[in-house]
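Remarks on the structure that follows.
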């Protein structure tokens, strides 16, 4: 299938024509055949389920695949009219700025100002010119002057992402490519990054892969959706595609903006917005209680209520007399070999409770999670209660065996007989949807499968009544998230206490009846998630944002007050 | 005054310091005299404490491995005369007829002097400036230079990665994580750590290439340290001190 931009085909910023990519030893193609173009000044969003080849496609753009990452590539790839293969990948850096999902893939281990200057140094620009552009890029992204001489290794993950963004924006390249730039960012930071990426500039094209659509999609000119087989499933203006292909995208596990779900409900109620909405405000603009007839508003109310119910807490609240499973008392928490980041922490988690741990990047959420589970010793204070297991932010860090089967076997108690072990392994793999992958290396699994395997190893032995899940949904497609949510709810149902560390406000609202907000070296707030999400001052202070359904909830309150 | 001294030491071109340190190390190897080794230790240590505000305790801790190494020579000299002779003979020194204790002590002090000189370079030099100076003044290829930068970032990441792997293993075995990993645990960590380092190196190579690092061609190196008058003064003064100490020892020996 060929992309169909509205303007003439000549003078494309980027062009793939019938491109296929196959990695060595892989049975099928990672991408394609795909034909796709990006026009000068155009902002294109590339969407698709996990494993559809989005990242691979981006890497073919400057020839990193196959020159630096071995693969077989067929078809024609052109940048600004020239064959990509005519130059080495490094020679395209002046034309293409590439921002990778993980900041460590972009940064090279220097001080902040050196990192930002690196691409310009490679172009042999005059030192004065480089210094001026570095300062301008730091100001534009909001990198504080105090970081200038800091080694990037001393910054938190989110802070490194901003340095990586400054280091890429400073290139001022006519084509900017970003692969899931906000996957690990807190809401306010993600909004800031989206705004920087999508600033309108007629001389700069943007090609972006991102699952987080709210706040981004309004600034996108055209979207292209890859299917599971790596070919183009849909493309066009976001408003058109999200309404016309809504069911198709949902069936493929492709992320849609939250407004798309509200649009569907309003459509069912016979009161669809005249123009397909990209935000909740847009979806409800035509049924404003102050200006619209009461009849239309009345028809919209059940649809909006159903939408809000879908996005609010589904898990039951824990009864106050439920026994405490684990507790931190006046605890001081510090990462491994690091300084104390959290002080005077008093936190209890109850049996069968799902607790949300929210906060900005670098607030100390992961450290708190490890301390709560008892896996990281406290600097001071004490921990009382049952032991906890932790599913890391990167599931790869959890795997120590050579096959999926061995991962599960290693997690089983040694005293179990061989026959029982085999049964346990088969049963666990079936429960977690991993049957058929027994002999695969854990690193060969998709991101969603890796996360499920990590959870399977934690739950196979019933050793851990408390589970801490660190960013469990990062990098997953919509299918992966809904599957994992069901599995987490099932774990909660079986009596496990679960602490979910997340930047996703919608997820916290759906999964966690109670949350804590971490920031400023301690716990800023502890209470019902719905109440915390209504506290705008708190959200602002903690670098968080309202969940997507908040505007719909406010609409319902306005209707009730009229 | 102290702050200015510290600033001065850090502002020196790393290659100036490297030259002085190499001369100091060579002199330590060539002049087999306990007093000379002592002079090197005292002058270097005093410079670090007085000008760089290095904590004496930190210096002592840093010297522990060198002391252990030197202590090996000392005990060998004291306990095994044959080995002592062998050690001194291997050193090719002039004082083959010196008593075993004296030879052992000199070897011990030499190990500490070499450690002190190394500590001087490490504690007063920014690794990034050193790599940049090598790229600009010693024609170190940028690909190797920036690989060194990446390796510097990798070291702390390896430590945190190893810790995560230890936690993962502790979760699987159901045992509490130990403060210091045992030999068995270390053996289990080697292969995964190696795999991590290889994956990371591959990603860094892609990152460097994506941002335009070419194998050849002109490039600007920002913040590269240059040479100025203070470097000249430092080299002259430092080499002067080494020469004076060496000359004093040699003339003293000659008079005897």
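Residue numbers (the working numbering), protein chains in the order written: chain A, 1 to 562; chain C, 563 to 818.
Built from N, CA and C at the ideal position, the CB exists for glycine as well.
Original post:
Does DSSP classify residue 12 of chain A as helix, strand or coil?
Top reply: Assigned with DSSP and collapsed to three states, residue 12 of chain A falls in coil, not helix or strand.
**OP:** Could you run through the stretch 755 to 787 of chain C and flag, in chain order, every residue whose CB is less than 7 Å away from some CB of chain A?
**Re:** Residues 765, 766, 767, 768, 769, 770, 771, 772, 773, 774, 775, 776, 780, 781, 782, 783, 784 and 785.
Subject >> Proximal residues, the stretch 708 to 725 of chain C versus chain A, C-beta separation under 8 Å >> reply: Look at the stretch 708 to 725 of chain C: the residues with a C-beta under 8 Å from a C-beta of chain A are 708, 711, 712, 713, 714, 715, 716, 718, 719, 721, 722, 723 and 725.
Subject >> Pair within 8 Å by beta-carbon distance, residue 115 of chain A and residue 152 of chain A >> reply: Against a cut-off of 8 Å, the Cβ pair of residue 152 of chain A and residue 115 of chain A comes out as a contact.
Subject >> chain C within 8 Å of residue 398 of chain A, Cβ atoms only >> reply: Cβ-Cβ to chain C under 8 Å: yes for residue 398 of chain A.
Original post:
From A:35, A:109 and A:71, pick the residue whose C-alpha is nearest to that of residue 14 of chain A; which is it?
Top reply: When only C-alpha atoms are compared, the closest one is A:35.
**OP:** Note down, in chain order, each residue of its chain lying with its Cβ closer than 8 Å to the Cβ of residue 671 of chain C, except the 5 sequence neighbours on either side.
**Re:** If we look at residue 671 of chain C and ignore the five residues flanking it on each side, its Cβ neighbours are 596, 599, 600, 603 and 632.
**OP:** Give a yes or no on whether the C-beta atoms belonging to residue 301 of chain A and residue 559 of chain A are separated by under 8 Å.
**Re:** Yes, these two residues count as a Cβ contact at 8 Å.
**OP:** From the DSSP output, in three-state form, read off residue 657 of chain C for me.
**Re:** With a pLDDT of only 45 at residue 657 of chain C, under 50, the local geometry of the prediction cannot be trusted, and no value is derived from it.
Subject >> Sheet register partners of residue 327 of chain A (DSSP bridge) >> reply: DSSP lists A:348 and A:384 as partners of residue 327 of chain A.
**OP:** Please confirm whether residue 32 of chain A and residue 19 of chain A have their CB atoms less than 8 Å apart.
**Re:** Contact check for residue 32 of chain A against residue 19 of chain A passes: the beta carbons are separated by less than 8 Å.
Subject >> Interface partners of residue 349 of chain A on chain C, CB under 9 Å >> reply: Within 9 Å Cβ-Cβ: nothing; residue 349 of chain A doesn't reach chain C, min ~18 Å.
**OP:** Examine chain B for any beta-carbon lying closer than 8 Å to the beta-carbon of residue 731 of chain C, and answer yes or no.
**Re:** Absent from the structure: chain B. Protein chains present are A and C.
**OP:** Could you check what DSSP says for residue 609 of chain C in three-state terms: helix, strand or coil?
**Re:** Of the three classes helix, strand and coil, the one that applies to residue 609 of chain C here is helix, per DSSP.
**OP:** Per DSSP, which residues does residue 83 of chain A bridge with? Please list them.
**Re:** Residue 83 of chain A is bridged to A:78.
Subject >> Amino acids of chain C, ordered along the chain, whose beta-carbon sits closer than 8 Å to that of residue 108 of chain A >> reply: 708, 711, 712, 715, 766, 769, 770 and 773, listed in chain order.
**OP:** Compare the C-beta of residue 584 of chain C with all C-beta atoms of chain A and state if any pair is closer than 8 Å.
**Re:** Cβ-Cβ to chain A under 8 Å: no for residue 584 of chain C.
**OP:** Can you give me the Cβ contacts of residue 143 of chain A inside the same chain, cut-off strictly under 7 Å, excluding the 5 residues immediately before and after it?
**Re:** 112, 162, 163 and 166.
Original post:
Whose Cβ in chain A lies nearer than 9 Å to the Cβ of residue 727 of chain C?
Top reply: Against chain A, the beta carbon of residue 727 of chain C has neighbours under 9 Å at 397, 398 and 400, listed in chain order.
Original post:
Do the CB positions of residue 533 of chain A and residue 511 of chain A come within less than 8 Å of each other?
Top reply: A distance of 8 Å or more separates the beta carbons of residue 533 of chain A and residue 511 of chain A.
Original post:
Is residue 523 of chain A helix, strand or coil by DSSP?
Top reply: If DSSP states are grouped into helix, strand and coil, residue 523 of chain A belongs with the strands.
Original post:
Are the CB atoms of residue 521 of chain A and residue 327 of chain A nearer to each other than 8 Å?
Top reply: No. Outside cutoff.
Original post:
Taking the beta strand (DSSP E) that residue 33 of chain A falls in, what are its first and last residues?
Top reply: Note, residue 33 of chain A: beta strand (DSSP E), 31 to 38.
Original post:
Which residues in the same chain as residue 104 of chain A place their Cβ atom closer than 8 Å to its Cβ, once the five residues preceding and following it in sequence are excluded?
Top reply: Spatial neighbours of residue 104 of chain A in its own chain (CB-CB distance under 8 Å, excluding positions within 5 residues in sequence) are listed in chain order as 160.
**OP:** Going by DSSP, name the residue or residues bridged to residue 99 of chain A.
**Re:** When beta bridges are read from the DSSP output, residue 99 of chain A appears opposite A:178.
Subject >> Proximity below 8 Å, CB of residue 92 of chain A to CB of residue 72 of chain A >> reply: At a Cβ-Cβ threshold of 8 Å, residue 92 of chain A and residue 72 of chain A do not count as neighbours.
Subject >> Beta-carbon proximity check, residue 468 of chain A vs residue 428 of chain A, cutoff 8 Å >> reply: Their beta carbons are not under 8 Å apart, which means residue 468 of chain A does not touch residue 428 of chain A by this criterion.
Subject >> Nearest to residue 456 of chain A (by Cα), restricted to the options C:734, C:586 and C:620 >> reply: The shortest C-alpha to C-alpha distance from residue 456 of chain A to any of C:734, C:586 and C:620 is the one to C:734.
**OP:** Determine the DSSP secondary structure at residue 794 of chain C, reduced to helix, strand or coil.
**Re:** Residue 794 of chain C: helix per DSSP, three-state reduction.
Original post:
List, in order along the chain, the chain A residues whose C-beta lies closer than 8 Å to that of residue 579 of chain C?
Top reply: Ordered by position in chain A, no residue passes the 8 Å Cβ test against residue 579 of chain C, which lies about 20 Å from the chain.
**OP:** Please go through the same chain and pick out, in chain order, the residues whose beta-carbon is closer than 7 Å to the beta-carbon of residue 491 of chain A, but skip the five residues on each side of it.
**Re:** Excluding positions up to five away in sequence, the list reads 459, 467 and 498.
Original post:
Closest by CA to residue 758 of chain C, which one among C:812, C:722 and C:706?
Top reply: Among C:812, C:722 and C:706, the Cα nearest to that of residue 758 of chain C belongs to C:722.
Subject >> Start-to-end residues for the alpha helix (DSSP H) that takes in residue 453 of chain A >> reply: Boundaries of the alpha helix (DSSP H) around residue 453 of chain A: 447 to 459.
**OP:** Answer yes or no: do residue 197 of chain A and residue 206 of chain A have a C-beta to C-beta separation smaller than 8 Å?
**Re:** Taking the C-beta atoms as reference points, residue 206 of chain A is found nearer than 8 Å to residue 197 of chain A.
Subject >> Segments of 4+ residues assigned as alpha helix (DSSP H) that fall wholly inside the stretch 700 to 758 of chain C >> reply: Runs found: 704 to 735.
**OP:** Rank C:577, C:756 and C:724 by C-alpha distance to the C-alpha of residue 691 of chain C and give the top, closest one.
**Re:** Here the closest residue by C-alpha is C:577.
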